[in-house]
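As structure tokens, the structure follows; a few thoughts come after it.
Numbering (the working numbering), first residue to last: 1 to 263.
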């Protein structure tokens, strides 16, 4: 509509006038119709948006593949996309981090350490967005680029790194047989809800979950004030020559310097 009246004007296109205003325009005026698509349509006798709108979707699928049906929908002005207020943030469906190591991982202990590092990063970002998740997914990629992804559900929603890491390591042990060395690991959490909106009560619950949540929120505050290296898990000190890895982006010496995980 902004191209119909230039340089400065207001054009109103609605359900009553769009056929008379839009259909006579050349077909390449339609969004996503480039030169190559226009040539294919022209060879089929389609030169205007209106001609495109009046053919059957099945004909366009024959000519252009599945994308042809999408163009037919555009030409006819059909759109069922929900209208959102300006400034609305898209819903976050999952949060995850992955890391390619400079050297192959060759044992369970190395994998466990890196899964805790990744889970710590994922948990921090969940808390930052005030989210909890229930599905934990692990990505494993070998040195010859073969990939495997497995996921399982937790019994509860969480933003606690130990919950995520323990489930991730459980998934790993269940599905990995060390036929090959590992070059990349990833951890992702999905099935997200707002942290303040979900509370599962049980007669068997104790205050351990609450303590874990308070502990990790306290760690966030300490790291925000004094830096990521100010507090960390003892697990990461199992080898004296390994520096602490910061999921916020700093480098470390885990079997050589690992690049930071993008946030």
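Even for Gly, the Cβ is constructed at its ideal location relative to N, Cα and C.
Give the DSSP-derived three-state secondary structure of residue i in the structure shown.
i, result
"residue 148", "strand"
"residue 114", "helix"
"residue 182", "strand"
"residue 220", "helix"
"residue 44", "coil"
"residue 140", "strand"
"residue 175", "helix"
"residue 133", "strand"
"residue 95", "strand"
"residue 103", "strand"
"residue 233", "coil"
"residue 14", "coil"
"residue 203", "Summary for residue 203: the model assigns pLDDT 47, below 50, so the residue's position carries little reliability; its value from the coordinates is reported in the next sentence. It is coil, neither helix nor strand."
"residue 26", "strand"
"residue 157", "strand"
Under 8 Å by Cβ, that's how I've got residue i and residue j pegged, so tell me the actual separation to the nearest angstrom.
i, j, result
"residue 215", "residue 92", "About 24 Å separates the two Cβ atoms, so there is no contact after all."
"residue 160", "residue 213", "6 Å"
"residue 265", "residue 182", "Shown here, the chain extends from 1 to 263; a query on residue 265 therefore has no answer."
"residue 98", "residue 184", "6 Å"
"residue 265", "residue 76", "Not covered by the structure: residue 265. The range shown for the chain is 1 to 263."
Residue i and residue j: beta carbons closer than 9 Å?
i, j, result
"residue 132", "residue 224", "no"
"residue 67", "residue 32", "yes"
"residue 148", "residue 175", "yes"
"residue 142", "residue 103", "no"
"residue 186", "residue 50", "no"
"residue 126", "residue 83", "no"
"residue 74", "residue 30", "yes"
Hey, out of the options, whose CA is closest to residue i's CA?
i, options, result
"residue 37", "70, 11, 18", "70"
"residue 28", "15, 21, 42", "42"
"residue 152", "78, 108, 144, 164", "164"
"residue 231", "130, 120, 177", "120"
"residue 18", "34, 45, 78", "78"
"residue 155", "134, 144, 162, 145", "134"
"residue 233", "221, 55, 162, 81", "162"
"residue 177", "53, 57, 106, 22", "106"
"residue 21", "39, 48, 150, 55", "48"
"residue 23", "56, 46, 35", "46"
"residue 290", "211, 217, 108", "Residue 290 falls outside the range modelled here, since the chain spans only 1 to 263, and no answer is possible."
"residue 145", "221, 100, 227, 158", "100"
"residue 94", "222, 15, 122", "122"
Does the beta-carbon of residue i, which I'm using as the reference point, lie nearer than 8 Å to any heavy atom of the ligand MG?
i, result
"residue 73", "For the ligand MG, the structure offers nothing, since it holds no ligand at all."
message: Quick test of the definition: if touching needs 3 or more C-beta pairs under 8 Å, does the region 109–120 touch the region 61–76?
response: Per the Cβ contact rule, the region 109–120 is not in contact with the region 61–76 (fewer than 3 Cβ pairs under 8 Å).
message: Count Cβ pairs between the region 130–150 and the region 168–175 that sit closer than 8 Å; are there 3 or more?
response: The region 130–150 makes contact with the region 168–175: 3 or more CB pairs, one atom from each, lie closer than 8 Å.
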